[in-house]
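**Q** Take this structure first; my questions come after.
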Amino acid sequence: MSNAIKLKPAIKDYIWGGTYFKQFGKGNTDIVAECWELSVRDDFNCVLADNGKPLKEILTKDMIGPNSDRFPYFPLLIKLIDAKDNLSVQVHPSDDYALKNEHSFGKSEMWHIINADKGAGLYVGFKKDICQREVNHRLKDGTILEVLNFMEVKPGDTYLINPGTIHAIGKGVRLIEIQQNSDLTYRLYDYNRVGKDGQPRPLHIEKALKVIDYKKYQLSKPSGDILADNQYFKVSRKEFDGELEIKADQGSFVSFTFIDGSGLVDNISYQVYDTFFLPNGKSCVVKGKGIVILSRV
-5 MSNAIKLKPA IKDYIWGGTY FKQFGKGNTD IVAECWELSV RDDFNCVLAD
45 NGKPLKEILT KDMIGPNSDR FPYFPLLIKL IDAKDNLSVQ VHPSDDYALK
95 NEHSFGKSEM WHIINADKGA GLYVGFKKDI CQREVNHRLK DGTILEVLNF
145 MEVKPGDTYL INPGTIHAIG KGVRLIEIQQ NSDLTYRLYD YNRVGKDGQP
195 RPLHIEKALK VIDYKKYQLS KPSGDILADN QYFKVSRKEF DGELEIKADQ
245 GSFVSFTFID GSGLVDNISY QVYDTFFLPN GKSCVVKGKG IVILSRV
């Protein structure tokens, strides 16, 4: 028996998504835009791989750990994202703004690049300090991308997207996203696309303009294996060849996703892009060769 619980994701088939993750057994829809690998919510949940029961139904406070006591909800949402087309230009509000105006928490997130087509990248933040009036004007005339940083990406790159940072994932990028367990997004620009219903997808410009950080974006690089460490999540990357012990012994569960390799988690087989949940206070041993992303609070 293993302490680790293998998960099966919930699938989103947004219009901009591709089919990359389908070859790894993710989903049975025509489009697999997002795989919600760790999702414990009222509306959309990952399940146990062995019996299809929602993870939400078996979780206890002890399994989650005391570090999560400060949150009124399960704190993390982890996704695999395949952008066949550009995602909308968007922004997320802070907790302070969201709690006051949306009766919801805000959204801090990070992206770690799995792979990307040649020349593909991300839009992250402004190239310069800018004013609200100019942003509003550029949204109306369709030139907003001209003032955003375009970051061409490669496997292993990491970007922290704080609340207020305007951003968009570009076409041809596959990544893992670790974020606050919130789906609150303000869409500013969507390339004049229509949704499945044939209607333009809704924009939230008035709200977005109130929460955007209009300062020039400052890129910060992660240090070593630590990809992110803030009040919402702690994320690390481990490359291994042989055995790797994973411990959840510091007050939090650990969720881990393999972005390369295959092998065993104790006695459970895994392949690339599989995700596991390790309860607080437990440990397991990974045997194989690959790369794993570990997330906790």
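Each residue of the sequence shown is one higher than the one before, starting from -5 at the first, in this note's numbering. Every residue, glycine too, gets a C-beta built ideally from N, C-alpha and C.
(1) Taking Ile155 as the reference, give the member of Ile5, Arg187, Glu171 with the closest Cα.
(2) Under the three-state reduction of DSSP, which class applies to Phe252: helix, strand or coil?
(3) Whole angstroms are fine: how far does the CA of Ser62 sit from the CA of Gly100?
(4) Going by C-alpha to C-alpha distance, which of Asp24, Lys232, Thr251 sits closest to Lys16?
(5) Identify the continuous alpha helix (DSSP H) that holds Leu139 and give its terminal residues.
(6) Assuming Gly166 and Ala110 form a contact by the criterion Cβ under 8 Å, report the distance between their Cβ atoms to the nearest whole angstrom.
(7) Short of 6 Å in beta carbon distance, which residues of its chain neighbour Ile262, apart from the five on each side in sequence? Order them along the chain.
(8) In three-state DSSP terms, what is Met104?
(9) According to the neighbour-count rule (16 or more other Cβ atoms, all chains shown, within 10 Å of its Cβ), is Ser214 buried or exposed?
(10) Pairing CB atoms from the stretch 38 to 53 with CB atoms from the stretch 82 to 89, are three or more of them under 8 Å?
(11) Which ranges would you report for the beta strand (DSSP E) in the stretch 172 to 198 if only whole runs of at least 3 residues count?
(12) Inspect the beta-carbon positions of Val259 and Tyr91 and report whether they are closer than 8 Å.
(13) Apply the 10 Å Cβ neighbour rule to His86 and answer buried if 16 or more other Cβ atoms are within range, or exposed otherwise.
(14) Taking the DSSP output, what are the residues bridged to Ala222?
(15) Start and end of the beta strand (DSSP E) containing Leu294?
(16) Buried or exposed for Cys40, going by 16 or more other Cβ atoms inside 10 Å?
(17) Round the Cβ separation of Thr179 and Trp105 to the nearest angstrom and send it over; I've been treating them as touching at under 8 Å.
(18) Would you please state the rounded distance, in angstroms, between the beta carbons of Gly115 and Val147? I believe it to be under 8 Å.
(19) According to DSSP, which residues form a beta bridge with Thr152?
(20) Taking the straight line between their C-alpha atoms, what separation do you get for Gly59 and Pro273?
(21) Hey, is the stretch 274 to 281 in contact with the stretch 233 to 250, meaning 3+ C-beta pairs nearer than 8 Å?
(22) With a threshold of 7 Å on Cβ separation, who are the neighbours of Asp207 within its own chain once the five nearest residues in sequence on each side are excluded?
(23) Hey, could you find the ends of the alpha helix (DSSP H) His131 is sitting in?
**A** Taking the definition as stated:
(1) Here residue 155 is taken as the residue at index 161 of the sequence shown, counted from 1. It is Glu171.
(2) By 1-based counting over the sequence shown, the position of residue 252 is 258. The answer is strand: DSSP assigns Phe252 an E or B state.
(3) Position 106 of the sequence shown holds residue 100. Position 68 of the sequence shown holds residue 62. If you take the alpha carbons of Gly100 and Ser62, they lie about 16 Å apart.
(4) In the sequence shown, residue 16 corresponds to position 22, counting from 1. Considering only alpha carbons, the answer is Asp24.
(5) Reading the sequence shown from its first residue, position 145 is the one you call residue 139. Careful: Leu139 lies outside any alpha helix (DSSP H) and carries neither H nor E.
(6) Position 172 of the sequence shown, counted from the start, is the residue given in the question as residue 166. Position 116 of the sequence shown, counted from the start, is the residue given in the question as residue 110. The Cβ separation is near 6 Å, so the contact holds.
(7) Taking the first residue of the sequence shown as 1, we reach residue 262 at position 268. Only residues of its own chain outside the window of five on either side were considered, and among them Ser(-4), Lys0 have a CB closer than 6 Å to the CB of Ile262, listed in chain order.
(8) The residue labelled residue 104 in the question sits at position 110 within the sequence shown. In the structure shown, Met104 sits in a strand (DSSP, three-state: E or B).
(9) Mapped onto the sequence shown, residue 214 falls at position 220. Residue environment: Ser214 is assigned as exposed (fewer than 16 neighbouring CB atoms within 10 Å of its CB, all protein chains considered).
(10) Result no; under three Cβ-Cβ pairs closer than 8 Å.
(11) Every beta strand (DSSP E) of 3 residues or more that sits fully in the stretch 172 to 198 is shown, in chain order, as 180 to 183.
(12) Here the question's residue 259 lines up with position 265 in the sequence shown. Here the question's residue 91 lines up with position 97 in the sequence shown. Contact: no.
(13) As a position in the sequence shown, residue 86 is number 92, starting the count at 1. Counting Cβ neighbours within 10 Å, His86 comes out buried, since at least 16 surround it.
(14) If you number the sequence shown from 1, residue 222 lands on position 228. Per DSSP, the beta bridge partners of Ala222 are Val229.
(15) Nothing about residue 294 can be read from this structure; the chain reaches only from -5 to 291.
(16) Working through the sequence shown from its first residue, we reach residue 40 at position 46. Under the 10 Å beta carbon count, Cys40 is surrounded by 16 or more other beta carbons and is classified as buried.
(17) For the purposes of this step, residue 179 is taken as residue 185 along the sequence shown, with counting starting at 1. For the purposes of this step, residue 105 is taken as residue 111 along the sequence shown, with counting starting at 1. About 14 Å separates the two Cβ atoms, so there is no contact after all.
(18) Sequence index remark: in the sequence shown, residue 115 carries index 121 (1-based). Sequence index remark: in the sequence shown, residue 147 carries index 153 (1-based). A Cβ-Cβ separation of about 5 Å places Gly115 in contact with Val147 under the 8 Å criterion.
(19) As a position in the sequence shown, residue 152 is number 158, starting the count at 1. Thr152 is bridged to His106.
(20) Here residue 59 refers to the residue found at position 65 when the sequence shown is read from its first residue. Here residue 273 refers to the residue found at position 279 when the sequence shown is read from its first residue. In a straight line, the C-alpha of Gly59 is about 8 Å away from that of Pro273.
(21) The stretch 274 to 281 makes contact with the stretch 233 to 250; the number of CB pairs closer than 8 Å reaches 3 or more.
(22) In the sequence shown, the residue the question calls residue 207 occupies position 213. Excluding positions up to five away in sequence, the list reads Gly158, Thr159.
(23) Locating residue 131 in the sequence shown gives position 137, counting from the first residue. Note, His131: alpha helix (DSSP H), 126 to 135.
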